[in-house]
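One rule links them: number in my numbering = place in the sequence shown (from 1) + 59.
All C-beta atoms, glycine included, are put in the ideal place defined by N, C-alpha and C.
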Amino acid sequence: MQTHLTFAWPISSEDGERRAGHWSQACWRDSHWSPALREPGLEIWTLRGLRLPVRRISGTGLVVIGDILERGSSRPLVGGGLPGFPDDPVRAARRLARDTWGAYLALLPNANGGWSVFRDPSGALEGLTWRRGDLTALSDGVNALPPDALPAELALDWNVITELTRRPMASSHLSPLSGFHPVSPGDVQALGDATDPVPIWRPASWLEERGPAQHEDLRAAVLSSVDGLAACEPRLLVEVSGGLDSAIVAGALKAVGHGGRVAAALNYYPPQQEGDERHYADAVCRRAGLPLVATPSFAEAITADDFDRFARAAAPAFAAIDPQRDRDTAEKAARLGATALMGGQGGDAIFFQMPTPAVVGDLLGARGWRAMLDPFVVETARWLRMSVWDVLARARRDSGGSVGEPPGVRQFWGRRAREAPALPRHPWLEDLGGVPRAKRLQVEALVVGQLAWNRSAAGARLRLHRPLLAQPVLEAWLPIPTFRLVEGGRDRALARRIFADDLPTVVARRRSKGALTSAYARGTADSLEFLRSHLLDGVLADARVLDRSAMEAALQPDQLIWRNAGARLIRAAIIESWVRYWQTRAPDCRIGARTG
């Protein structure tokens, strides 16, 4: 669901003035939009009923969509807070990355009278820019655009569609609709410009140790991020799964005194006992003083309507993979008057949850082969349930899997997916050649975490705050070697120790995690009739992006329940729905057509 729309134009341009007038009138007539800023050459509209501030920062020329806070505090940035603010947008974006943080898009004036946009490093607000005549635009979607607002060169790019199918979790920097240009977190880019963006903030700049990390500093980064984002909201929903990451966020809310802002702590549990986390969620909420609302979550059969609702988005809506839970969260928000949803997404990446022998490889690379005698090697082997020799043998291999390309994803690749050249990787994954393997996996997981902002029913009603992906948290935790993050042979070991006083013991010490695989597998099996017709008779199979025979073999009840291919097939079905919608509204690109 589209939540913001900006359009800008040279006031000396007759074409720009004419188009802007038509767009503005269309937005006035559309109950979707509410005006946030209107002045000669620039208008910003936001989703009616959504708390999304827009304001000028006096003394800077800066216009901010979202929440921008002073660095080192949880206070909103006010006029005069950036003395000597640069006129050049690149230098201005560097200043913002250095002196502020938050959940925002910053519009920066260019010398030629146009605008550039800087997307904050957390990526909390999506940014998609394009041009229509002399009008340049920025939004997070395309479902509520004025008539004649789509780019003139709009077309389906089957090279990108293929890449989305191959690497759905690491392709948020690509647009399957030509004419639109996504702005990646940490980049500054001219509105409507297809030229290369300028990188301002990258994880690679924060991967080297910067001296011993103090536990109080690491904890303070999380607390200040929770404090700053929660303080922006009058009423919050909080996700409390029963796992460690959401428990840390819940504990931080209590520690910074914002528990009273929480309308409800949401927990969803399946009928299968192995996935029921209510015991842990209850312990977290009692410790944090939050009102727990536990809701049964039955993996219902998926229908075409579940995916068609989001097919009008600018790209496939992978965050809508659980439609029932998504709808329920949106309904609870409306009933309770909540303005935002806060959760622990990103904690598995920044605190390092991934079980991999590569952490031993990082240790050996840092300390040499004598580190083979370090107790950490034995502890890791115990954690991974492998022999020490297997851990050592696999520790230095550089051909492991990618978080962005989950195991087994190649199973359904058709000829086009197997043979098409790879497109440019996500910009955060560039310049990682000398980075240790486990640390690279951590950055890849952060890229996947950007899908937390992806389109959903909850995201159309609520601000989605992910404090564990906030810039201060990334900068504090990224320099820590992975073998320190999991020291003792335990996932997120350092985080467990630092936040021990904020957590119930039963959560801090637990080694298991609720298993939802069975519940989702059965839900996918119940959706078999829809999935078979949707995928086997689909355009992705016709275009040889997906392999029809491989999917047919997998789309059997026993295969779906026991082979754990459900999530891959659901993601493919989401892409299929998206392509079916847009192929009736946009031609194929001449370069990147489906028959190419």
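{"Asked": "Same chain, Cβ closer than 8 Å to Trp442, neighbours up to 5 away in sequence not counted", "Found": "Pro414, Val545, Gly548, Arg549, Asp550"}
{"Asked": "Distance CB(Glu267)-CB(Pro538) smaller than 8 Å", "Found": "yes"}
{"Asked": "Pairwise C-alpha distance: Asp74 and His485", "Found": "35 Å"}
{"Asked": "Minimum C-alpha distance to Arg630 - residue among Arg226, Leu523, Ser133", "Found": "Arg226"}
{"Asked": "Nearest neighbour of Leu101, chosen from Leu423, Asp449, Ala196, Glu275 [CA to CA]", "Found": "Ala196"}
{"Asked": "Beta-carbon proximity check, Leu527 vs Glu503, cutoff 8 Å", "Found": "no"}
{"Asked": "Beta bridge counterpart(s) of Trp92 as assigned by DSSP", "Found": "Leu106"}
{"Asked": "Residues of its chain near Val506, where Cβ-Cβ distance is below 8 Å and the 5 sequence neighbours each way are ignored", "Found": "Met228, Ala229, Ser231, Val462, Gly463, His485, Trp487, Leu488"}
{"Asked": "Thr159 - partner residues in DSSP beta bridges", "Found": "Glu129"}
{"Asked": "Check: Ala214 C-beta below 7 Å from any heavy atom of the ligand SAM", "Found": "This structure lacks the ligand SAM; in fact it carries no ligand of any kind."}
{"Asked": "Sequence ranges, beta strand (DSSP E) only - wholly within the segment 326-384, length at least 3", "Found": "351-355"}
{"Asked": "Sequence-distant residues of its chain with Cβ nearer than 7 Å to Leu500 (five each side left out)", "Found": "Met413, Thr415, Ala417, Val462"}
{"Asked": "8 Å Cβ cutoff met for Leu128 and Trp160", "Found": "yes"}
{"Asked": "Three-pair Cβ contact test at 8 Å for the segment 416-434 versus the segment 316-333", "Found": "no"}
{"Asked": "Residue ranges of each alpha helix (DSSP H) within the segment 591-634, 4 or longer", "Found": "598-601, 607-613, 616-621"}
{"Asked": "Collapsed DSSP secondary structure at Leu523 in the structure displayed", "Found": "strand"}
{"Asked": "With 16 other Cβ atoms within 10 Å as the buried cut-off, status of Pro180", "Found": "buried"}
{"Asked": "Anticipated Cβ contact below 8 Å, Gly200 with Gln61, distance rounded", "Found": "3 Å"}
{"Asked": "Cβ-Cβ distance between Gly245 and Arg261 below 8 Å", "Found": "yes"}
{"Asked": "Cβ distance (whole Å) where Val566 is taken to contact Leu303 below 8 Å", "Found": "6 Å"}
{"Asked": "Short Cβ contact (8 Å threshold) for Gly120 with Pro69", "Found": "no"}
{"Asked": "Per DSSP, the bridge partner or partners of Arg445", "Found": "Note that residue 445 corresponds to Met in the displayed sequence, not to Arg. For Met445, which the question treats as bridged, DSSP gives no partner whatsoever."}
{"Asked": "Val137 classed as buried or exposed, judged by whether at least 16 other C-beta atoms fall within 10 angstroms", "Found": "exposed"}
{"Asked": "Close beta carbons around Ala324, own chain, < 7 Å, minus the five adjacent residues each side", "Found": "Val297, Val299, Ala309, Cys344, Leu349, Pro350, Leu351, Val352"}
{"Asked": "First through last residue of the beta strand (DSSP E) which encompasses Ser175", "Found": "174-178"}
{"Asked": "Touch test, the segment 587-598 against the segment 632-641, Cβ-Cβ under 8 Å, three pairs minimum", "Found": "yes"}
{"Asked": "Contacts around Ala399, its chain only, beta-carbon distance under 6 Å, and the 5 residues preceding and following it disregarded", "Found": "Glu292, Leu295, Leu521, Arg522, His524"}
{"Asked": "Rounded straight-line distance, which links the Cα of Cys648 to that of Phe366", "Found": "24 Å"}
{"Asked": "Chain-order list of residues whose beta-carbon lies under 7 Å from that of Pro145 (same chain, five-residue window excluded)", "Found": "Ala151, Arg154"}
{"Asked": "Contact under 8 Å by Cβ, Gly406 with Ile259", "Found": "no"}
{"Asked": "His63 versus Phe542 - alpha carbon distance", "Found": "41 Å"}
{"Asked": "Rounded Cβ spacing between Leu236 and Asp216 (contact assumed at less than 8 Å)", "Found": "7 Å"}
{"Asked": "For Leu167: DSSP bridge partner residues", "Found": "Ser175"}
{"Asked": "Assigned secondary structure, Val299 (DSSP; H/G/I helix, E/B strand, else coil)", "Found": "coil"}
{"Asked": "Integer Cβ distance of Ser132 from Ala290, believed to fall under 8 Å", "Found": "In fact, because the Cβ distance is near 10 Å, the residues do not count as touching under 8 Å."}
{"Asked": "Nearest-angstrom Cα separation, counted from Ser592 out to Ser458", "Found": "Below a pLDDT of 50, predicted positions are generally treated as unreliable, and Ser458, at 44, falls in that range; no measurement from the model is reported."}
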